[in-house]
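Peer 1:
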Amino acid sequence: FSPIQLFLLLFSSMPESGDESVDEYTDSSEDEVAPRASRGVLGAAALVVAVLIFSSNGVAYKKLFLSNPELFTPCNVLCGSNLFGLVTLVPLFRKDLTCANIKSITRTQWFALIFGTICYSALGPLLYLLALQSITIASAAILTRLESLEFLVLAVLFMSEKVDCWSLTNSALTLIGILAALLSPPLFGQPLEFSNGFVLMVLSGFFYVASLFVTKKWLSGIPTGILAVLRVGLGTLIYHVTVLLRGSDLGLVDLYTKAYWSQVWWYALLYVSLAQTVWLTALAHADSTTISVGTTTLFVLTLLWAMALLGSFPTGPQWLGSVFIVASVVSSIMRTIKQARVKKLVVEEREGGEVVSASETPRVEEGEGG
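Mapping of the sequence shown onto our numbering: residues 5 to 374, in sequence order.
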């Protein structure tokens, strides 16, 4: 997973208690076929928009940072975008933000929520953006693939997740790709490179994975709205306090100026407010296979965005590593599609058996009556 994929998986696991209309709209009668088809189209369209937005996030920050490195530091960008997101998410999730829902959170969940928020909303994104200042988008995209391996290990050790041969093959391809990108530069006449940016990116991944693990382990029962608003709200508070404590040339006064917001508003609108809205729309209307396939393409799309908007192309070693990673992406998509087909066949056989059983019942009754 990239940080964005972890975000997607995190919110896809949350219950949406504030909107029961999705569950009520899944009746199997013929009158529902057309509405469900239109909802599927809406969900697929929302997913396409969400994936395009999320995959371009790192490139967008790079452009902001290169335009004004002194103003668009990671802390300042996260401070402004989190504030913008908080104002947007509160009305969006108003149905979840009830006293009853908040009181239902246990003490253990509060500790897990605070720890997960610090990892997911503060340390993870801060280290990620700091790393982007000194490494390329291609390097970032490759290193973030480590997160999938880290979460797989945690899931097997602490969540009793079962791993099949296909998952192991995909993980092996990913690991080979990462190692090839990092260790093969001498084969291309280039020196090995392990800068501070590489370390920061790996550390960022650890915090994202820790957040996802905590969420899946202890917070899966908390409504999406509460989790989203509390995380963005606490992240906003952390970044504002950080900027206030710095208190010199880049304090809050600089954040609330026309020069700042005239350049950062589109980032906050696109990558916080719109991104969350279209992603939740996709979750509500798209099927799980479509979502899985769509999010798996993030790695490839990230590289394409970097080449198109920044003119930043992978190096020889990175191309070599990307070949293996793309192979794991293709394999993962094929696995998802195959599993969906198997699941569909099982459902159809089950429904067919129920129909046969129902049709045989009247004949038995008629025989007994004669």
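Ideal placement from N, C-alpha and C gives every residue a C-beta, glycine not left out.
1. Under a Cβ-count criterion, where at least 16 other Cβ atoms within 10 Å of its own Cβ denotes burial, should D291 be classed as buried or exposed?
2. Determine the burial state of G315: buried for a count of at least 16 other Cβ atoms within 10 Å of its Cβ, exposed for fewer.
3. Can you give the beta carbon distance from A144 to M205, rounded, assuming they're within the 8 Å contact cut?
4. So, at 8 Å on beta carbons, what are the nonlocal neighbours of S68 in its own chain, with the 5 sequence-adjacent residues on each side left out?
5. Residues in the same chain with beta-carbon distance under 7 Å from S199, minus the five sequence neighbours each way, listed in chain order, please.
6. Alpha carbons only, please: which of P195, S85 and K66 is nearest the one belonging to Y275?
7. Once you ignore the five residues that flank A126 on each side, which residues in its own chain have a CB closer than 7 Å to its CB?
8. Return the Cβ separation of V55 and L302 in integer angstroms, given the expectation that the two are a contact with Cβ distance under 8 Å.
9. Under 8 Å, with one C-beta from each stretch per pair, do the region 149-167 and the region 207-227 reach the 3-pair mark?
10. Write down the C-beta distance between N174 and S296 rounded to the nearest angstrom, noting that I regard them as a contact closer than 8 Å.
11. Decide if L70 is buried, meaning its Cβ has at least 16 other Cβ atoms within 10 Å, or exposed.
12. Which two residues bound the contiguous alpha helix (DSSP H) that contains L314?
13. For R354, is the classification buried or exposed, using 16 other Cβ atoms within 10 angstroms of its Cβ as the cut-off for buried?
14. Can you list, in chain order, the residues of its chain whose CB lies under 6 Å from that of F211, leaving out five sequence neighbours each side?
15. Tell me, to the nearest whole angstrom, how far the beta carbon of I57 is from that of L248; I am working on the premise that it is less than 8 Å.
16. Give the secondary structure of Y271 by DSSP, where H, G and I count as helix, E and B as strand, and everything else as coil.
17. Tell me, to the nearest whole angstrom, how far the beta carbon of S188 is from that of P73; I am working on the premise that it is less than 8 Å.
18. So I118 is in the alpha helix (DSSP H); what residue range does that whole segment cover?
19. Please report the distance separating the alpha-carbon of L284 from that of L46.
20. Taking its Cβ as the centre, do 16 or more other Cβ atoms sit within 10 Å of I141, making it buried, or is it exposed?
21. Could you give the first and the last residue of the continuous alpha helix (DSSP H) run that contains I141?
22. To the nearest angstrom, report how far apart I180 and L153 are at their CA atoms.
23. Write down the C-beta distance between V94 and V282 rounded to the nearest angstrom, noting that I regard them as a contact closer than 8 Å.
24. Between R345 and T306, what straight-line distance do the alpha-carbon atoms span, to the nearest angstrom?
25. Quick check on I226: buried or exposed, where buried means 16 or more other Cβ atoms within 10 Å of its Cβ?
26. In three-state DSSP terms, what is S188?
Peer 2: To lay it out plainly:
1. Exposed, by the Cβ-count rule.
2. In the assembly as shown, G315 is an exposed residue. Its beta-carbon has fewer than 16 other beta-carbons within 10 Å.
3. Indeed, because the Cβ distance is near 6 Å, the residues count as touching under 8 Å.
4. The amino acid occupying residue 68 in the given sequence is Leu; Ser does not appear at that position. Contacts found: F76, V81, Q267, V268 and Y271.
5. Within the same chain, S138 and I139 come within 7 Å of S199 by CB-CB distance, once the 5 residues on both sides are set aside.
6. Y275 has its Cα closest to that of S85, out of P195, S85 and K66.
7. Within the same chain, A126 has close Cβ partners G239 and I242.
8. Indeed they touch by this definition, with Cβ atoms about 6 Å apart.
9. Two segments are said to touch when three or more pairs of C-beta atoms, one from each, lie closer than 8 Å; by this definition the region 149-167 touches the region 207-227.
10. With a Cβ gap of about 12 Å, N174 and S296 do not count as contacting.
11. An exposed status is given to L70, since fewer than 16 other beta-carbon atoms sit within 10 Å of its beta-carbon.
12. Premise fails: L314 is in no alpha helix (DSSP H) and is neither H nor E.
13. In the assembly as shown, R354 is an exposed residue. Its beta-carbon has fewer than 16 other beta-carbons within 10 Å.
14. Closer than 6 Å at Cβ, skipping near neighbours: C123, L127 and G128.
15. Actually they do not touch by this definition, with Cβ atoms about 30 Å apart.
16. Helix at Y271.
17. So it is not a contact: roughly 31 Å between Cβ atoms.
18. Residues R111 to T121.
19. If I take the Cα positions, the gap works out to 12 Å.
20. Buried.
21. In the DSSP assignment, I141 falls within the unbroken alpha helix (DSSP H) covering I141 to L147.
22. For the pair I180 and L153, the Cα-to-Cα distance works out to about 12 Å.
23. So it is not a contact: roughly 18 Å between Cβ atoms.
24. Approximately 29 Å, taken between the alpha carbons.
25. It is buried - the Cβ of I226 has at least 16 other Cβ atoms within 10 Å.
26. S188 falls in the coil class under three-state DSSP.
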